[in-house]
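Only one structure is covered here, and it is reproduced in the block below.
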Amino acid sequence: MDSFLIKGGVPLRGEVTISGSKNAALPILAATLLTAEPCIIRRVPDLSDTRYMVKILESLGATAKFEDGTVTVHAKKIKGYADYDLVRKMRGSICIAGPLLARLHKARISLPGGCIIGARPINLHLKGFAALGAKIKIEGGYIDATAKKITGGSMFLGGRAGPTVLGTANVMMAASLGEGITVIESAACEPEVVDLANFLNAMGAQITGAGSPTITIQGVTKLHGAEHEVIPDRIETATFIIAAAATNGEVTVKGGRADHLRAVLDKLNEANVSVERKGADMVVKRKGKLKPVDITTLPYSGFPTDVQAQMMSLLALAPGISILTERIFESRFMHVSELARLGAEIEIEGPSAIVKGGKPLSGAQVMASDLRASAALVIAGMAAKGSTQVNRIYHLDRGYEKMDEKLKQLGARIQRVEGS
Ligand code: EPZ
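Plus 592 on top of the position in the sequence shown (first one is 1) and you've got the numbering used here.
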């Protein structure tokens, strides 16, 4: 397993260009199953997760090509079965369920199982499918969904932690190719849901309200091929902005969307970090001494849970007490014990992490546990004195395209060490 070897203490300087959004690309790639015509998806980040999704599409019978960030998919004839081995490795693959149900009126998919940040149930996905007229059976760890036809329907998709992003995506895709009108209440408002709706509408779907808590879909009998460019990755953008601030550097972030990051930019401003907009670019640097802030993760447009770990690394450097409360996932503090190995003083109290910031960090061996925790450890390692080795960075390769190369271009002393 590969590791990153980082020599900390170097302020990042220069320009970095943001890649396409992993969390927009995955459901959009799944949506290509809704038509027998070819689709071309551009600005797809080259990640293990996106490569894996292309493999899943091929295993279902589609032909696919992934070259220079463009994926061409032709799902002329497909089967409705995705086995355990395929689905368990990537939770995002659950979003093939909606397209398979709509196109074939049946889907047999392994339950995705949980992951390190939480149980990751799919009850709301299934509630949505049932509201569209599907019959759902769960046995042997598989979901069997069948529907004589997709009849449309109304549903409330809010769960214990608010809306579901992939649940909204799944139901929107299933409802697009069918009869009747579907109204999703408490729909997720994330930009990735809007991007998917735009792609589906380009295929001939009739979706209104995406980006708001109420999405209406008028089912159509056929969807055609389409071309689409994926939005930039707002979580990668936030990660690089925070890395620039944490190393006390000055970085121009290119190709990101500041309007997708209002909550993050607001909290960074409060922490005394300036993110100045120059056209479409964002120029990041500290305004002075870092200040502590309190953060609660919320559904969009609140502070994103996918930026909580990275922000914790920054706030470990801000003199004073910061409180980060995680309201979306039940165990998304795996990075805390690793940050403590770098000298951070953090206590967990229920859903909150109390950060006593301001002590300088010093390098150590640390273990990545999930995608965003890995990013947090890389940020902390670059801000720490001395050397840090971040192990198991395959977690990072799932969701960040060429992170080490991009950081090297900004002056970071980071190298990938091939693992055993
Ligand atoms: C998406 O996951 C993202 N993944 C996650 O990003 C992100 O953290 C999450 O949305 C929240 O923003 C992709 O888009 C591939 P949810 P998703 O369904 O859709 C509960 C990353 O780092 N819930 O919005 O799977 C669930 O337990 C990843 O890029 C139910 O209770 O998340 C959680 O508490 C990590 N029942 C909350 O809702 C359900 O049926 C939000 O989950 C579904 C979800």
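C-beta atoms are modelled at their ideal positions from N, C-alpha and C, and glycine is treated no differently.
Listed in chain order, the alpha helix (DSSP H) elements of length 4 or more contained wholly in the segment 653 to 679 amount to none. In the three-state reduction of the DSSP assignment, residue 947 falls in the strand class.
Bounds of the beta strand (DSSP E) holding residue 873 are 873 to 878. Between residue 725 and residue 745, the gap from beta carbon to beta carbon is short of 8 Å. In the three-state DSSP reduction, residue 806 falls in the strand class (E or B). Between the segment 899 to 909 and the segment 762 to 782, the count of Cβ pairs shorter than 8 Å is below three; the stretches do not touch. Residue pairing from DSSP leaves residue 936 without any beta-bridge partner. Sequence-distant partners of residue 639 (beyond 5 residues in either direction) whose C-beta falls short of 8 Å from its own C-beta, in its chain, are 614, 989, 990, 991, 992, 993. The way I'd put it, the segment 599 to 612 doesn't touch the segment 794 to 811; fewer than three beta-carbon pairs between them come closer than 8 Å. Relative to the ligand EPZ, the beta carbon of residue 710 is positioned inside 7 Å of a heavy atom. Look at residue 757: its beta carbon is less than 7 Å from one of the heavy atoms in the ligand EPZ. Using a cutoff of 7 Å, the CB of residue 639 does not count as near the ligand EPZ, since none of the ligand's heavy atoms is closer than that.
Of the residues 895, 935, 930, the one whose Cα lies closest to the Cα of residue 916 is 895. In this structure residue 609 does not touch residue 977 by the C-beta definition: roughly 29 Å separates them, more than the 8 Å allowed.
The alpha carbon of residue 851 has as its nearest neighbour, out of 891, 836, 816, 783, the alpha carbon of 783. Residue range 757 to 768 is occupied by the alpha helix (DSSP H) that includes residue 765. For residue 641, the uninterrupted alpha helix (DSSP H) segment begins and ends at 640 to 651. As far as DSSP is concerned, residue 724 takes part in no beta bridge. Following the DSSP letters along the chain, one finds residue 773 inside the beta strand (DSSP E) bounded by residues 773 to 777. Residue 902 sits buried, since 16 or more C-beta atoms from the chains shown fall within 10 Å of its C-beta.
Residue 832: member of the alpha helix (DSSP H) spanning 826 to 838, first to last residue. When secondary structure is reduced to three states using DSSP, residue 596 falls in the strand class. For residue 699, the three-state secondary structure derived from DSSP is strand. Here residue 708 carries a coil assignment [DSSP, helix/strand/coil]. Cβ neighbours of residue 943 within its own chain (closer than 7 Å, five residues either side excluded): 917, 918, 919. Rounded to the nearest whole angstrom, the CA to CA distance from residue 798 to residue 792 is 8 Å. Residue environment analysis places residue 962 among the buried positions, since at least 16 neighbouring C-beta atoms fall within 10 angstroms of its C-beta. Between residue 695 and residue 670, the CB-CB gap stays under 8 Å. The beta carbon of residue 737 lies closer than 6 Å to those of 693, 699, 721, 726, 728 in the same chain, with the five residues before and after it left out. Assignment of residue 784 by DSSP, reduced to helix, strand and coil, places it in the helix class. Annotation for residue 973: the continuous alpha helix (DSSP H) segment containing it runs 963 to 975. For residue 719, the three-state secondary structure derived from DSSP is helix. The segment 818 to 828 makes no contact with the segment 869 to 884; the number of CB pairs closer than 8 Å stays below 3. In this structure, residue 913 lies near residue 948, with their beta-carbon atoms less than 8 Å apart. Each residue's CA atom was taken as its position, placing residue 857 and residue 893 some 12 Å apart. Burial state of residue 641 is buried, judged by a 10 Å Cβ sphere holding 16 or more other Cβ atoms.
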